[in-house]
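Just below is one structure, and these are the notes that go with it.
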Amino acid sequence: MLNPENWTLMQALLVFSSCALVIAVAGTRITLIVDQLADRTGIGEAAAGAVLLGAATSIGGSVLSVTAAWNGNAELAVSNALGGIAVQTFFLAVADMVYRRANLEHAAASVPNMIQNALLITLLALIMIAPLLPDVTFWGVHPVTPVLFIAYMYGIHLSQSAHISPMWAPTRTRETREDQPDDTSQMSSMGRLWAEFTLLFVILGVAGWTLEPSATVIASQTGLTQTIVGVMLTAISTSIPELVTSIAAVRRGALTLAVGGIIGGNAFDTLFTAASDISYRKGSIYHTMTDDTLFWAGLTLLMSGILMMGLIRRERQGPGRIGVESVLLILLYLGGAWLLIDQNL
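In terms of the UniProt record's numbering, the sequence shown opens at residue 1 and continues consecutively.
Structure follows, in structure tokens:
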């Protein structure tokens with residue numbers, strides 16, 4: 001492969017588009033694999049969506065952010081992580097449009113999904129607090145970074161516990177689609193499922209690693225800021241699996257998996273920032289966050305809070321046969337994207 005420093009804009013766009021296509025195809029296939037693993041292992045669609053599907057569909061963005069941080073492109077690393085969370089929440093509203101029987105927040109009612117969304121809000125708040133704390137590091141790592149990892153693991157533990165031994169449950173209605181395991185006798189063997197999952201996981205990771213240099217070239221040769229490239233290009237391209245997998249899961253009737261994959265992937269995406277802080281060798285990556293990046297973090301936190309209200313409220317039908325919260329998520333994301341582009345072009 002040519003040295004990225006010698007790539008033309010056309011070569012960078014070709015590599016970028018090819019990687020995005022690979023991510024979309026691999027992300028589509030991995031939905032079916034995770035749905036079957038959820039049934040075979042008995043961990044449930046919400047936990048499988050958060051841990052397996054969330055990690056697998058997010059690995060491309062994770063590798064991109066870590067690689068960008070290692071190469072000193074801190075702005076691209078952080079904006080890619082936070083932009084990915086915002087666009088994936090927007091994709092959940094798109095999935096709500098696809099499911100016409102009822103609002104997705106109503107039909108996919110799940111305590112584990114609500115815990116995961118509360119976890120996401122907590123992790124985003126920690127990221128927003130970090131730049132306001134003293135700029136100190138230990139072995140090049142800011143103290144907030146290990147806290148993010150610990151909080152994430154604890155949140156996943158709470159989510160799994162809520163699936164196994166729930167203390168309360170949402171009211172079941174005729175529109176509610178419960179997490180009912182499929183017939184495992186018609187599925188591939190456990191070994192084959194794990195082997196295919198691992199292969200697709202690696203493919204998604206390599207695609208994310210290849211995206212980083214092409215994104216950097218696009219930013220440098222078009223004059224766009226790394227925040228715009230991170231939020232509007234790399235975040236969207238690496239989040240394509242979430243869009244594809246959520247719609248595919250909705251069409252399969254795996255509604256809990258669809259919502260859990262998005263919310264769980266969002267919580268996992270916050271770890272991009274923590275991993276990028278470890279990879280970034282010039283100090284605390286949180287203290288490199290620009291005003292645009294902090295605005296996007298705040299917008300993402302707002303969108304997550306609105307989604308939480310939708311999951312608790314569980315409106316059956318809203319305007320355009322989607323939830324009011326979904327409408328707000330769409331407007332917030334498009335408005336935030338417009339403001340970002342308007343202020344930087």
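Where a beta carbon is used, it is the ideal one built from N, C-alpha and C, also for glycine.
Which class does residue i belong to by DSSP, given the choice of helix, strand or coil?
| i | result |
| --- | --- |
| residue 22 | helix |
| residue 141 | strand |
| residue 281 | coil |
| residue 314 | coil |
| residue 326 | helix |
| residue 166 | coil |
| residue 151 | helix |
| residue 346 | Past the boundaries of the shown model lies residue 346; the chain is included only from 1 to 345, so the question cannot be answered. |
| residue 223 | coil |
| residue 189 | coil |
| residue 368 | Lying outside 1 to 345, the shown extent of the chain, residue 368 is not represented and no answer is given. |
| residue 99 | coil |
| residue 73 | coil |
| residue 204 | helix |
| residue 241 | helix |
| residue 229 | helix |
| residue 259 | helix |
| residue 234 | helix |
| residue 79 | helix |
| residue 249 | helix |
| residue 112 | helix |
| residue 135 | coil |
| residue 31 | helix |
| residue 171 | coil |
| residue 1 | Note that residue 1 has pLDDT 46, beneath the 50 cutoff, so the model's placement of it is unreliable and the number below is only indicative. Residue 1 falls in the coil class under three-state DSSP. |
Roughly how far, in whole angstroms, is the beta-carbon of residue i from the beta-carbon of residue j, given that I think they are within contact range, below 8 angstroms?
| i | j | result |
| --- | --- | --- |
| residue 273 | residue 127 | 6 angstroms |
| residue 303 | residue 329 | 6 angstroms |
| residue 116 | residue 65 | About 20 angstroms separates the two Cβ atoms, so there is no contact after all. |
| residue 12 | residue 217 | 4 angstroms |
| residue 237 | residue 211 | 7 angstroms |
| residue 88 | residue 265 | 6 angstroms |
| residue 269 | residue 85 | 5 angstroms |
| residue 322 | residue 113 | In fact, because the Cβ distance is near 18 angstroms, the residues do not count as touching under 8 angstroms. |
| residue 278 | residue 92 | About 29 angstroms separates the two Cβ atoms, so there is no contact after all. |
| residue 140 | residue 281 | 6 angstroms |
| residue 244 | residue 28 | 5 angstroms |
Please work out which residues of its chain come closer than 7 angstroms, Cβ to Cβ, to residue i, disregarding the five sequence neighbours upstream and downstream, and give them in chain order.
| i | result |
| --- | --- |
| residue 290 | 75 and 227 |
| residue 130 | 142, 144 and 286 |
| residue 169 | 111 |
| residue 325 | 105, 306, 307, 309 and 310 |
| residue 82 | 293, 296, 297 and 300 |
| residue 63 | 205, 208 and 209 |
| residue 247 | 95 and 98 |
| residue 90 | 329, 330 and 333 |
| residue 124 | 270, 297, 300, 301 and 304 |
| residue 335 | none |
| residue 190 | 40 |
Using a Cβ-Cβ cut-off of 8 angstroms (strictly less than) and excluding sequence neighbours within five positions of residue i, which residues of its own chain qualify?
| i | result |
| --- | --- |
| residue 197 | 30, 33, 34, 37, 52 and 56 |
| residue 1 | With a pLDDT of 46 at residue 1, under the threshold of 50, the modelled position of this residue cannot be trusted; read the value that follows with caution. Closer than 8 angstroms at Cβ, skipping near neighbours: no residue. |
| residue 147 | 126 |
| residue 7 | 15, 213, 214 and 217 |
| residue 340 | 227, 228, 231, 232, 292, 295 and 296 |
| residue 194 | 37 |
| residue 122 | 151 and 155 |
Go through its chain and collect everything with a Cβ distance to residue i's Cβ below 6 angstroms, but skip five positions before and after it.
| i | result |
| --- | --- |
| residue 79 | 227, 230, 231 and 293 |
| residue 276 | 65, 66, 69, 77 and 285 |
| residue 250 | 95, 98, 99 and 258 |
| residue 119 | 155 and 267 |
| residue 235 | 80, 83, 84 and 87 |
| residue 337 | none |
| residue 9 | 221 |
| residue 343 | none |
Quick check: is any heavy atom of the ligand SAH less than 7 angstroms from the C-beta of residue i?
| i | result |
| --- | --- |
| residue 32 | Within the structure as shown, the ligand SAH is missing, as the structure has no ligands at all. |
- Between the segment 306-315 and the segment 63-75, are three or more C-beta pairs nearer than 8 angstroms? Between the segment 306-315 and the segment 63-75 there are fewer than three inter-stretch CB-CB distances shorter than 8 angstroms, so the stretches are not counted as touching.
- Item | Cβ pair count under 8 angstroms reaching 3, the segment 89-104 against the segment 130-144 | Contact fails: fewer than three Cβ-Cβ distances are below 8 angstroms.
- the segment 202-209 contacting the segment 16-23, beta-carbon criterion three pairs below 8 angstroms: Yes, since at least three Cβ pairs between the segment 202-209 and the segment 16-23 fall closer than 8 angstroms, the two stretches touch.
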